[in-house]
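Numbering (UniProt numbering), first residue to last: 1 to 375. Note that beta-carbon positions come from the ideal geometry of N, C-alpha and C, so glycine has one too.
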Amino acid sequence: MASFSWYFTDRLVSKLEEREKQQIELYAETIRYVMTSDENADINFFFERIKKINENNTIPVIWKDGSGHLNSNNIEIPNFNNTEDRQKFLKGKLDEIILENNKPIEMDMGFQKEYIYYGNSNLLKLLRYYPLSQLVVVLILGFLGYIFFSYSRRAEQNRVWVGLAKETAHQLGTPLSSLTAWIEILKENPNVNPEIVEELAKDVQRLDTITTRFSNIGSTPILKKEPLEDLIHGFINYLKIRISSKVTIDIQSHLPPNQQVNVNKYLFEWVIENICKNAVDAMSGAGLISIRLKEGKNNTITIDIEDTGKGILPKNTSKVFAPGFSTKKRGWGLGLTLAKRIVENYHLGKLQLKWTEVNKGSTFRITLPNPTEEV
1 MASFSWYFTD RLVSKLEERE KQQIELYAET IRYVMTSDEN ADINFFFERI KKINENNTIP
61 VIWKDGSGHL NSNNIEIPNF NNTEDRQKFL KGKLDEIILE NNKPIEMDMG FQKEYIYYGN
121 SNLLKLLRYY PLSQLVVVLI LGFLGYIFFS YSRRAEQNRV WVGLAKETAH QLGTPLSSLT
181 AWIEILKENP NVNPEIVEEL AKDVQRLDTI TTRFSNIGST PILKKEPLED LIHGFINYLK
241 IRISSKVTID IQSHLPPNQQ VNVNKYLFEW VIENICKNAV DAMSGAGLIS IRLKEGKNNT
301 ITIDIEDTGK GILPKNTSKV FAPGFSTKKR GWGLGLTLAK RIVENYHLGK LQLKWTEVNK
361 GSTFRITLPN PTEEV
């Protein structure tokens, strides 16, 4: 459609240019005839022709005689007090007309040659810009359409996430209540090893934490100020007893003592868990995970989680946060997607793949706002 409009307008402009050129040629021929005719020639017809051309034409014209004197037609000229200023003004207009690349028309007066320079009419100028204006309008509409489509798609994704999270929390709630009750019964049974019951209670508590996470995703989570270093250490201590003993986790903090951040504890622990478990898998159960806490730029706090795993192929670096992407045979590809959503949508931070190299490892960076006032 746009190509057809451009082609049609270009044809119209070409025809209009040719027509205007013919008008100016007729104008020049009329002037030449009048200037070279003898005294007895009937030139009334040609004066009428010039009059009609002047009345019906919006083409700017400058006539340059043999002595270099300039006359004009269809050009608005201010009221000058002397001829010199008028000629200077017309000289400037002549330079503008020459830039429009219309070939001047030569008039052979016999004793000298004079020239008529002409520019494009207002209509022709408008037609030249018409395809461009159409293109701009189409681009604007396309851009607005893209924004609307992206917003609608994102809103639909949000509704799906929220719906799945709420349903998962609801489905887990009932069996968890039953498990909690059974644990209380087992505690009262002297024939059951208390250590086993205690471990079962911890796992049920873990399931309850997972249910709380899904419940928070399905609603607007409440952020509270939490001591970041204590939060990280607490979760890592829990994680260490559930992963291979060949994995070393080193935490280094360069933050002020008791540095706090505004987080939802359950969701933020989920982010750390996803990244650390991916790191353990990438190292095949043996290696080093380094967690570095420090102040970032623009009043932020950064958490770098680095592993010594197999790294990520360059072709996959742009897809690590995409839903469904996973390098594991049985991976769902939702862990990092959820982590990014939690950090950026709920905590107004940023989660990014800072560095990766095949067979050397990867570093994920979490950036959070440094709280300056109570939430």
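For Leu239, report the span of its alpha helix (DSSP H) as first-last. In the sequence shown, counting from the first residue as 1, residue 239 sits at position 239. In the DSSP assignment, Leu239 falls within the alpha helix (DSSP H) that extends over 228-240.
Option nearest Ile185 by Cα separation, candidates Pro371, Val280, Ser244, Leu200: Here residue 185 is taken as the residue at index 185 of the sequence shown, counted from 1. The candidate whose alpha carbon is nearest that of Ile185 is Leu200.
In the DSSP assignment, the beta strand (DSSP E) including Phe364 goes from what residue to what residue? Start at 1 with the first residue of the sequence shown, and residue 364 comes out as number 364. Its beta strand (DSSP E) spans residues 361-369.
Near Asp208, what residues of its chain come up, given a Cβ to Cβ distance below 7 Å and the 5 sequence neighbours on each side ignored? Along the sequence shown, one-based indexing puts residue 208 at 208. Around Asp208: Leu176.
Evaluate Ile77 with the Cβ neighbour count: other Cβ atoms within 10 Å of its Cβ, from every protein chain shown; 16 or more gives buried, anything less gives exposed. Here residue 77 refers to the residue found at position 77 of the sequence shown. Classification of Ile77: exposed, given that the 10 Å Cβ count is below 16.
What do you reckon, are the CB atoms on Ile98 and Ile105 nearer than 8 Å? To locate residue 98, count along the sequence shown from 1; it is residue 98. To locate residue 105, count along the sequence shown from 1; it is residue 105. Their beta carbons are not under 8 Å apart, which means Ile98 does not touch Ile105 by this criterion.
With burial defined as no fewer than 16 other Cβ atoms inside 10 Å of the residue's Cβ, what is the status of Trp63: buried or exposed? The count along the sequence shown starts at 1 and reaches residue 63 at position 63. With 16 or more other Cβ atoms within 10 Å, it is buried.
For Met109, does the count of other Cβ atoms within 10 angstroms reach 16, so buried, or fall short, so exposed? Locating residue 109 in the sequence shown gives position 109, where the first residue counts as 1. Only exposed fits Met109, as fewer than 16 other CB atoms lie within 10 angstroms of its CB.
Check Thr209 in the structure and name its three-state DSSP category. Position 209 of the sequence shown holds residue 209. Shown here, Thr209 sits in a helix according to DSSP, grouped into three states.
Going by DSSP, what residues sit across from Gln352 in a beta bridge? Translated into positions along the sequence shown, residue 352 becomes position 352. In the DSSP output, where bridge partners are listed per residue, Gln352 has Arg365.
Near Gln252, which residues of its chain fall below 8 Å by C-beta distance, leaving aside the five closest residues on each side in sequence? Here residue 252 refers to the residue found at position 252 when the sequence shown is read from its first residue. Same-chain partners within the cutoff: Ser290, Ile291, Arg292, Leu293.
Would a C-beta distance cut-off of 8 Å place Asn264 and Gly335 closer than the cut-off? Stepping through the sequence shown from its first residue, residue 264 is reached at position 264. Stepping through the sequence shown from its first residue, residue 335 is reached at position 335. 8 Å or more divides the Cβ of Asn264 from the Cβ of Gly335.
Using alpha carbons as the reference points, say which of Ile217, Thr83, Asp85, Asp281 lies closest to Trp270. Within the sequence shown, numbered from 1, the residue matching residue 270 stands at position 270. When each option's Cα is compared against that of Trp270, the closest is Ile217.
Considering Asp85, what are the terminal residues of the alpha helix (DSSP H) in which it resides? Counting from 1 along the sequence shown, the entry for residue 85 is found at position 85. Looking at the DSSP string, the run of the alpha helix (DSSP H) that includes Asp85 is 83-98.
Cα-Cα, which of Ile303, Gly309, Ile222, Ile241 is closest to Leu267? As a working note, residue 267 is residue 267 in the sequence shown. Answer by Cα proximity: Ile222.
Thinking C-beta only, is Ile305 closer than 8 Å to Ala279? For the purposes of this step, residue 279 is identified with residue 279 of the sequence shown, where counting begins at 1. For the purposes of this step, residue 305 is identified with residue 305 of the sequence shown, where counting begins at 1. Cβ atoms of Ala279 and Ile305: closer than 8 Å.
Grouping DSSP H, G and I as helix and E and B as strand, with all else coil, what is Ser152? The residue you call residue 152 lines up with position 152 of the sequence shown. DSSP places Ser152 in helix when its eight states are reduced to three.
Does the beta-carbon distance from Leu239 to Thr300 come in below 8 Å? To locate residue 239, count along the sequence shown from 1; it is residue 239. To locate residue 300, count along the sequence shown from 1; it is residue 300. Contact check for Leu239 against Thr300 fails: the beta carbons are separated by 8 Å or more.
Within the same chain, show all residues whose beta-carbon is closer than 6 Å to that of Asn71, passing over the 5 residues directly before and after it, in chain order. Position 71 of the sequence shown, counted from the start, is the residue given in the question as residue 71. By the criterion of a C-beta distance shorter than 6 Å, Asn71 is surrounded in its chain by Trp63, once the five residues flanking it on both sides are discounted.
Gly225 to Phe364, Cα distance in whole Å? The residue given as residue 225 occupies position 225 in the sequence shown. The residue given as residue 364 occupies position 364 in the sequence shown. Inspection of the sequence shows that residue 225 is occupied by Lys rather than by Gly. Taking the CA atoms as reference points, Lys225 sits about 23 Å from Phe364.
State yes or no: is the C-beta of Lys310 within less than 8 Å of the C-beta of Val343? Taking the sequence shown and counting its residues from 1, one reaches residue 310 at position 310. Taking the sequence shown and counting its residues from 1, one reaches residue 343 at position 343. Contact flag unset, no.
In whole angstroms, give me the CA-to-CA distance for Val192 and Trp332. Counted from its first residue, the sequence shown places residue 192 at position 192. Counted from its first residue, the sequence shown places residue 332 at position 332. Each residue's Cα considered, the two are about 37 Å apart.
Assuming Leu336 is part of the alpha helix (DSSP H), what are its boundary residues? The sequence position of residue 336 within the sequence shown is 336, counting from 1. The continuous alpha helix (DSSP H) containing Leu336 extends over residues 335-341.
DSSP beta-bridge partners for Met109? As a position in the sequence shown, residue 109 is number 109, starting the count at 1. Bridge pairing for Met109: absent [DSSP].
Taking the alpha-carbon positions, what's the Ile241 to Phe149 distance? Translated into positions along the sequence shown, residue 241 becomes position 241. Translated into positions along the sequence shown, residue 149 becomes position 149. For Ile241 and Phe149, the gap between their C-alpha atoms comes out near 46 Å.
Buried/exposed call for Arg213, threshold 16 Cβ in 10 Å: For the purposes of this step, residue 213 is taken as the residue at position 213 of the sequence shown. With 16 or more Cβ atoms within 10 Å of its Cβ, Arg213 is classed as buried.
Whole angstroms are fine: how far does the CA of Lys340 sit from the CA of Leu351? Taking the first residue of the sequence shown as position 1, residue 351 is located at position 351. Taking the first residue of the sequence shown as position 1, residue 340 is located at position 340. Distance between the alpha carbons of Leu351 and Lys340: 6 Å.
CB of Val204 within 8 Å of CB of Thr168, strictly: For the purposes of this step, residue 204 is taken as the residue at position 204 of the sequence shown. For the purposes of this step, residue 168 is taken as the residue at position 168 of the sequence shown. No. Outside cutoff.
Assigned secondary structure, Leu250 (DSSP; H/G/I helix, E/B strand, else coil): In the sequence shown, counting from the first residue as 1, residue 250 sits at position 250. The amino acid at residue 250 is misidentified as Leu; the sequence shows Asp. In this structure, Asp250 counts as strand in the three-state DSSP scheme.
By DSSP's criteria, Tyr129 is part of a beta bridge. Which residues make up the other side? The count along the sequence shown starts at 1 and reaches residue 129 at position 129. DSSP lists no partner for Tyr129.
Just reading off the alpha helix (DSSP H) that residue 419 is part of, what are its end residues? Residue 419 is absent from the model: the chain starts at 1 and stops at 375.
Report the CB separation of Gly287 from Thr308 in whole angstroms; it is logged as a contact under 8 Å. For the purposes of this step, residue 287 is taken as residue 287 along the sequence shown, with counting starting at 1. For the purposes of this step, residue 308 is taken as residue 308 along the sequence shown, with counting starting at 1. Contact flag correct, Cβ pair sits at about 4 Å.
How would you write the range of the beta strand (DSSP E) that Asp307 sits in, first residue to last? Walking along the sequence shown from the start, residue 307 turns up at place 307. Looking at the DSSP string, the run of the beta strand (DSSP E) that includes Asp307 is 300-307.
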